[in-house]
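What follows is a short report on a single structure.
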Amino acid sequence: MQKKIKSALISVFYKDGLDLIVNELSKLGVTIYSTGGTQTFIESLGVRVIPVEELTLYPSILGGRVKTLHPKVFGGILGRRNNPTDQQEMQQYAIPEIDLVIVDLYPFGETVKAGKSEEEIIEKIDIGGISLIRAAAKNFNDTLIVSSRTDYTQLLQLLQTKAGETSLEDRKLFAAKAFMQSSHYDTLIFQYFNRSFGLDVFKQSELSGKVLRYGENPHQRGVFYGNLEEIFDILNGKELSYNNLVDVDAALNLVAEFEEPTVAIIKHTNSCGLASRSNICEAYKAAFACDTVSAFGGIIALNREVDAATATEMNSLFFEVVIAPAYSDEALTILKSKKNRIIICHKTADNSSGKMQFKNLLNGVLAQDVDGTAEGRNEFKTVTQQSPTPEQIADLEFAVKAVKHLKSNGIALVKNKQLVGSNCGQTSRVDALQNAIRKAAEFGFNLQGAVMASDAFFPFPDCVNISAKVGITAIAQPGGSIKDQDSIDAANAAGQAMVFTGVRHFKH
1 MQKKIKSALI SVFYKDGLDL IVNELSKLGV TIYSTGGTQT FIESLGVRVI
51 PVEELTLYPS ILGGRVKTLH PKVFGGILGR RNNPTDQQEM QQYAIPEIDL
101 VIVDLYPFGE TVKAGKSEEE IIEKIDIGGI SLIRAAAKNF NDTLIVSSRT
151 DYTQLLQLLQ TKAGETSLED RKLFAAKAFM QSSHYDTLIF QYFNRSFGLD
201 VFKQSELSGK VLRYGENPHQ RGVFYGNLEE IFDILNGKEL SYNNLVDVDA
251 ALNLVAEFEE PTVAIIKHTN SCGLASRSNI CEAYKAAFAC DTVSAFGGII
301 ALNREVDAAT ATEMNSLFFE VVIAPAYSDE ALTILKSKKN RIIICHKTAD
351 NSSGKMQFKN LLNGVLAQDV DGTAEGRNEF KTVTQQSPTP EQIADLEFAV
401 KAVKHLKSNG IALVKNKQLV GSNCGQTSRV DALQNAIRKA AEFGFNLQGA
451 VMASDAFFPF PDCVNISAKV GITAIAQPGG SIKDQDSIDA ANAAGQAMVF
501 TGVRHFKH
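Every letter in the sequence shown is one number past the one before it in the working numbering, and letter 212, counting from 1, is 212.
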């Protein structure tokens with residue numbers, strides 16, 4: 001099943017790297033067909049090219065919308081070389097065989113990202129290119145399809161090492177890549193149109209996949225699908241692991257909630273340290289003080305530039321990853337003293353790939369909107385006799401943001417914009433609170449005057465009663481239990497302020 005490339009059709013949007021391919025084809029004596037800008041480019045190389053219009057006897061029409069959509073083009077690609085009927089018809093209609101098709105697609109996705117007008121976006125929906133790709137890929141027995149400039153290196157190697165011959169395995173591999181490109185392209189187009197309609201169809205596509213050292217555990221294979229370079233630069237350290245990526249995502253989502261200088265320390269996607277202060281160095285020291293034991297080996301996220309003072313404070317701690325929007329030169333020098341320490345500079349506060357989250361389970365996929373709200377003073381509804389003070393409101397806002405990012409059942413205890421106690425992932429909310437109180441005591445925090453936030457309502461007043469005993473003076477919870485009044489009565493009896501947020505923040 002070796003096939004000699006004798007003829008090629010080339011029509012591409014991106015010309016970079018094409019000159020090497022064209023020159024090699026010319027050396028091999030391959031007949032080249034082309035049109036439009038690609039034809040002009042090939043001619044500029046001094047290589048003979050036959051305009052597609054000479055083959056079809058039709059010019060490019062409708063503003064370039066119709067150029068290659070013709071039986072003489074598609075017949076040459078789809079004609080089966082071992083089928084006598086196909087061969088007889090190709091001879092009858094003077095259809096030349098086309099052994100190689102090099103076609104890429106108009107940059108539809110890039111045009112959408114650039115925020116162009118709908119008219120410009122629609123004109124970047126490729127018709128001829130996608131049809132040529134599918135046709136050549138379908139006839140992989142006879143035709144080699146190259147559908148992306150990322151495959152030029154591999155094609156050039158084939159041309160140079162095999163003198164223009166391809167095997168069935170070569171052609172089938174390139175066909176698989178072609179269908180990968182075409183399906184991805186169609187997914188992007190569907191997603192654009194579906195913005196207006198929200199059809200409940202699961203269609204996601206990522207062309208780039210990076211194999212990780214392993215998955216969540218060493219015996220599991222791990223791959224990241226996406227382009228991390230779009231959202232951050234890795235300035236130092238070893239490659240990010242599966243668990244690193246999961247924690248970095250959690251850390252970025254948490255610190256993005258805050259406008260003041262804020263530091264979060266993450267372990268297993270939950271915060272063991274979180275604080276806001278007037279400057280980033282003080283925020284780090286306060287975040288570290290929350291739990292100086294769990295911080296070991298964690299992920300540190302900051303929402304301000306890391307300066308030398310902050311880097312010096314951080315450098316005494318073993319941590320795997322630090323991520324911030326910027327670093328001073330001196331700070332980088334200090335942090336790079338540990339060669340395996342991963343240092344990330346993130347380019348945008350929005351690290352999400354869209355407004356939906358997905359989880360595969362059972363025999364399908366769950367999809368939901370990203371939890372993009374964090375209730376504050378404008379949403380708080382005071383339900384007790386005692387109203388929260390301005391200081392308590394500020395801490396309650398902080399606590400709501402903190403508990404939103406803890407695994408359920410979650411409790412966050414906050415004092416002076418510092419997470420002084422927390423617990424998460426418990427089957428009982430009472431256990432979560434008691435563990436949070438124990439943690440606070442373990443690290444020397446006095447809970448007198450602290451506030452509490454819960455990710456979900458209190459079905460009973462037990463958590464309110466427990467919190468009052470340790471000096472917690474204000475509470476934020478969603479409300480919505482049929483026994484809300486019991487919790488309100490308990491808070492009133494203890495002189496606590498309680499606000500309902502109206503929104504639950506389960507996280508599983």
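Beta carbons: idealized from backbone N, C-alpha and C, even for Gly.
In this text, all values refer to a predicted model and were calculated from it rather than measured experimentally.
The DSSP assignment places complete beta strand (DSSP E) segments of no fewer than 3 residues inside the stretch 116-186 at 144-146, in order along the chain. Cβ-Cβ distances below 7 Å link residue 117 to nothing in the same chain once the five nearest sequence neighbours on each side are left out. About 5 Å separates the beta carbons of residue 311 and residue 335, which is inside the 8 Å limit, making them a contact pair. Fewer than three pairs of CB atoms, one per stretch, sit closer than 8 Å, so the stretch 187-202 makes no contact with the stretch 155-175. Where residue 267 is concerned, the enclosing beta strand (DSSP E) starts and stops at 262-267.
In the DSSP assignment, residue 382 forms a beta bridge with 499.
Counting only runs that start and end inside the stretch 386-440, the beta strand (DSSP E) elements of at least 3 residues fall at 411-414 and 419-423. A Cβ-Cβ distance of about 18 Å is found for the pair residue 421 and residue 394, leaving them out of contact under the 8 Å criterion. By the Cβ criterion, the stretch 93-100 is in contact with the stretch 64-82, since at least three pairs of Cβ atoms, one from each stretch, lie closer than 8 Å.
The beta carbon of residue 24 is closer than 7 Å to those of 156, 159 and 160 in its chain, skipping five residues each way along the sequence.
The continuous alpha helix (DSSP H) containing residue 308 extends over residues 308-315. DSSP assignment within the stretch 74-105 yields the following whole alpha helix (DSSP H) runs of 4 residues or more, N-terminal first: 84-92. In the DSSP annotation of this structure, the continuous segment of the beta strand (DSSP E) that includes residue 276 starts and ends at 270-276. Assignment of residue 447 by DSSP, reduced to helix, strand and coil, places it in the coil class. In the three-state scheme derived from DSSP, where H, G and I count as helix and E and B as strand, residue 374 is classed as coil. Excluding residues up to 5 positions away in sequence, 447 and 448 lie with their Cβ nearer than 6 Å to the Cβ of residue 471 in the same chain. By the Cβ neighbour-count rule, residue 427 is exposed, with fewer than 16 other Cβ atoms within 10 Å of its own. Each residue's CA atom was taken as its position, placing residue 8 and residue 52 some 11 Å apart. Contact between the stretch 408-424 and the stretch 451-470 is established, with three or more Cβ pairs separated by less than 8 Å. Beta-bridge pairing by DSSP links residue 365 to 360.
Following the DSSP letters along the chain, one finds residue 209 inside the beta strand (DSSP E) bounded by residues 209-211.
Short of 8 Å from the beta carbon of residue 204, and not among the five residues preceding or following it, lie these beta carbons of its own chain, in chain order: 187 and 358. As DSSP reads the structure, residue 4 sits in a beta bridge with 165. Residue 243 and residue 300 have their C-alpha atoms roughly 14 Å apart. Rounded to whole angstroms, residue 260 and residue 282 show a C-alpha spacing of 12 Å.
Between the C-alpha atoms of residue 48 and residue 101 there is a straight-line separation of about 17 Å. By the C-beta density criterion, residue 85 is exposed, having fewer than 16 other C-beta atoms within 10 angstroms. Between residue 288 and residue 273, the C-beta gap is smaller than 7 Å, which places the two residues in contact. Of the residues 445, 338 and 461, the one whose Cα lies closest to the Cα of residue 430 is 461.
Restricting attention to 110, 505, 298 and 230, the CA atom closest to the CA of residue 263 is found in 298. Annotation for residue 231: 346, 347, 348 and 351 place their beta carbon closer than 7 Å to its own, counting only its chain and skipping 5 residues before and after.
Secondary structure remark: continuous beta strand (DSSP E) runs of at least 3 residues inside the stretch 22-84, in chain order: 31-34. Among the bridge pairs identified by DSSP, residue 232 is matched with 346.
Between the C-alpha atoms of residue 278 and residue 153 there is a straight-line separation of about 53 Å.
Across the set 432, 10 and 189, the C-alpha of 10 shows the shortest separation from the C-alpha of residue 148. The alpha-carbon of residue 434 is positioned some 12 Å away from that of residue 465.
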